[in-house]
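First up is the structure itself, then whatever we jot down about it.
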Amino acid sequence: MAEKIKVATTSLAGCFGCHMSFLDIDERILELAQIAQFDRSPLTDIKTCSDHVDIGLVEGGLCNSENVHTLREFRKSCKILVAVGACAINGGLPAMRNHIPLQECLEESYLDAVGIENPQIPNDVELPLLLNKVHPIHEVVKVDYFLPGCPPSADVFWKFLTDLASGREPSLPYELVHYD
Ligand code: SF4
Numbered sequence: 090m091a092e093k094i095k096v097a098t099t100s101l102a103g104c105f106g107c108h109m110s111f112l113d114i115d116e117r118i119l120e121l122a123q124i125a126q127f128d129r130s131p132l133t134d135i136k137t138c139s140d141h142v143d144i145g146l147v148e149g150g151l152c153n154s155e156n157v158h159t160l161r162e163f164r165k166s167c168k169i170l171v172a173v174g175a176c177a178i179n180g181g182l183p184a185m186r187n188h189i190p191l192q193e194c195l196e197e198s199y200l201d202a203v204g205i206e207n208p209q210i211p212n213d214v215e216l217p218l219l220l221n222k223v224h225p226i227h228e229v230v231k232v233d234y235f236l237p238g239c240p241p242s243a244d245v246f247w248k249f250l251t252d253l254a255s256g257r258e259p260s261l262p263y264e265l266v267h268y269d
């Protein structure tokens, strides 16, 4: 029997919707388990990914220093790195704050918003430092494939992963990559 491909996932500045869409492959997950072994992912609850992952799926862009660190470590572990969804590809919804100065965003969220008691901007050393802008992941690491969508559909994940596992260059038919 051929060796299984090792798949890992990570979530940065995203909403976990891309992960949920991946899990929407439903019972096909059993078929996928025949050809793929899951490393760090929502299926395993492994916190740190091993050194030799074949395919790493990244959801979300980069909004703080921890995201950057996590992404760099993840890239080192993965032979093939995939930007999954709009947030990883171009910053997505979190990047809407890029048009507003960071200080203004913080003040609006923590000082001026309606119903806030004891207003203060969080300032704990344990908190990761916010970046001035939200960045897509390709600005920091090399990305091998981009899976568009918000989120990409379960069928997109399925087609992409089964193509790669079978040694085919992944190709997504038009009907899987549309935005209605
Ligand atoms: S691309 Fe869409 S579904 Fe995926 S993490 Fe971003 S907002 Fe969520």
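In this text, residue positions in the sequence shown follow the numbering used here: the first is 90, and each later residue adds one. C-beta atoms are modelled at their ideal positions from N, C-alpha and C, and glycine is treated no differently.
Query: Starting from the C-beta of residue 221, find all residues in its chain whose C-beta is less than 6 Å away, skip the five residues before and the five after it, and write them out in chain order.; Result: 191
Query: Where in the region 217-252 do unbroken runs of the beta strand (DSSP E), each at least 3 residues long, occur, reported from the N-terminal end onward?; Result: 219-224 and 234-236
Query: Confirm the yes/no value for this check: CB of residue 235, any heavy atom of the ligand SF4, distance under 8 Å.; Result: no
Query: Between the beta-carbon of residue 173 and the beta-carbon of residue 250, is there less than 9 Å?; Result: no
Query: If you follow the beta strand (DSSP E) that residue 277 is part of, which residue opens it and which one closes it?; Result: What is shown of the chain runs 90 to 269, which leaves residue 277 out entirely.
Query: Looking at the strands, I want to know which residues DSSP matches up with residue 125.; Result: 94
Query: Just the C-alpha distance for residue 99 and residue 209, rounded to the nearest angstrom, thanks.; Result: 31 Å
Query: Among all residues, which have a Cβ less than 6 Å from at least one non-hydrogen atom of the ligand SF4, and in what chain order do they fall?; Result: 103, 104, 106, 107, 148, 149, 174, 175, 176, 181, 182, 239 and 240
Query: Do three or more CB pairs link the region 189-203 to the region 247-267 at distances below 8 Å?; Result: no
Query: How is residue 178 classed by DSSP in three states: helix, strand or coil?; Result: helix
Query: Mind checking residue 154: buried by the 16 CB within 10 Å criterion, or exposed?; Result: exposed
Query: Kindly indicate the opening and closing residues of the alpha helix (DSSP H) around residue 165.; Result: 154-166
Query: On a CA-only basis, which of 232, 194, 225 and 129 is nearest residue 175? Give me that one, please.; Result: 225
Query: Could you tell me if residue 159 is buried or exposed, where buried requires 16 or more neighbouring beta carbons within 10 angstroms of its beta carbon?; Result: buried
Query: Roughly how many whole angstroms lie between the Cα atoms of residue 151 and residue 231?; Result: 14 Å
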